[in-house]
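Below you'll find the structure, written out as structure tokens, and then a few comments.
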Amino acid sequence: MVRELPGRLRQEIVDCGYYPELVADGLAMTLGAETVLDHLVHHEATFNSDEVQRHLTVLALTEQRLVVSHTDESSEGDLEHAAGEVRAISSTESIPLSAITSVGLTRVVREPHRFGQVARPVVETWLTLGWGTMRRLNLEPATCGDPQCDADHGYAGSLVADDLVVRMSPFADGEDAVARLVAFGTAMQCAVGHR
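Be aware that the sequence shown starts at 41, since it is given in this note's numbering, and climbs by one per residue.
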């Protein structure tokens with residue numbers, strides 16, 4: 041059984057103005073009869089050579105899972121289509137909360153020594169979610185700490201879960217959007233922590 045999306049979630053999708061019926065339909069289809077506990081809508085533009093490409097990510101948290109919806113405009117190389125025809129690629133992914141291995145919420149703060157006293161101290165915020173589908177390997181040459189040493193010490197690195205990163209700033213997205221990101225990230229941390 042497919043229900044309507046909660047009013048606030050649907051309105052945020054409509055407010056983005058980016059294929060709202062397509063996005064809402066895919067999300068509602070994937071959610072079925074589940075109740076949405078919290079959500080996050082992130083609309084961003086990327087600049088690619090001489091064109092602007094838009095991208096919409098919608099995250100919906102339910103009791104049992106995280107539903108991730110992505111919608112992009114396709115470029116001419118993505119899909120074969122008639123000249124001038126506009127196409128969009130819209131997909132949804134369903135991740136059981138028990139499969140989510142990490143939820144990171146990072147804030148970049150200006151004047152941290154005056155936190156709580158300075159207006160608008162948060163410069164940037166990002167939410168990183170990992171469930172094991174994607175991992176990023178960061179490698180760099182290892183050193184022994186001796187600046188005169190020229191021996192090969194191999195490599196040192198880290199393997200980081202990096203399935204989804206949502207990045208916002210008050211300057212690009214607005215303070216309300218950043219507050220929503222923090223609230224959603226906190227809800228995700230609590231939901232995954234209780235599993």
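Note that the Cβ used here is the ideal one computed from N, Cα and C, for glycine as well.
Since this is a predicted model, take the numbers as computed values, not measurements.
Inset, instruction - Count the CB pairs spanning the segment 128-139 and the segment 106-115 that are closer than 8 Å, and state whether there are at least three. - result: yes
Inset, instruction - Compare the C-beta of ASP216 against all C-beta atoms of chain D and say whether one is closer than 8 Å. - result: The chain inventory of the structure shown lacks chain D, comprising one protein chain alone.
Legend entry - CB contact flag (ARG94, HIS83, <8 Å): yes
Legend entry - Test item: CB-CB of THR165 and VAL232 under 8 Å: Taking 8 Å as the Cβ cut-off, THR165 and VAL232 do not qualify as a contacting pair.
Legend entry - Of the residues VAL126, LEU45, THR146 and GLU74, the one placed nearest ASP65, counting alpha carbons only: LEU45
Inset, instruction - Return helix, strand or coil for PRO187, following the three-state DSSP convention. - result: coil
Legend entry - Simplified DSSP state of LEU67, which is helix, strand or coil: helix
Legend entry - Beta-carbon contacts of SER209 that lie in its chain and below 6 Å, excluding the five residues immediately before and after: Excluding sequence neighbours, SER209 sits near GLU164.
Legend entry - Same chain, Cβ closer than 8 Å to VAL148, five either side skipped, listed in chain order: Excluding sequence neighbours, VAL148 sits near VAL162, VAL163, GLU164 and THR165.
Legend entry - Backbone secondary structure at THR3 - three-state DSSP: Residue numbering for the chain in the displayed model covers 41 to 235; residue 3 lies beyond these limits and cannot be assessed.
Inset, instruction - Put ALA212 into one of helix, strand or coil per three-state DSSP. - result: helix
Inset, instruction - Go ahead and pull the three-state DSSP assignment for ILE129. - result: strand
Inset, instruction - Go ahead and label GLU52 buried or exposed: buried means 16 or more other beta carbons lie within 10 angstroms of its beta carbon, across all protein chains shown. - result: buried
Inset, instruction - Tell me whether the beta-carbon of LEU77 lies closer than 8 Å to the beta-carbon of GLU103. - result: yes
Inset, instruction - Count the other CB atoms, across all protein chains shown, that sit within 10 Å of the CB of ASP213; report buried if there are 16 or more and exposed otherwise. - result: buried
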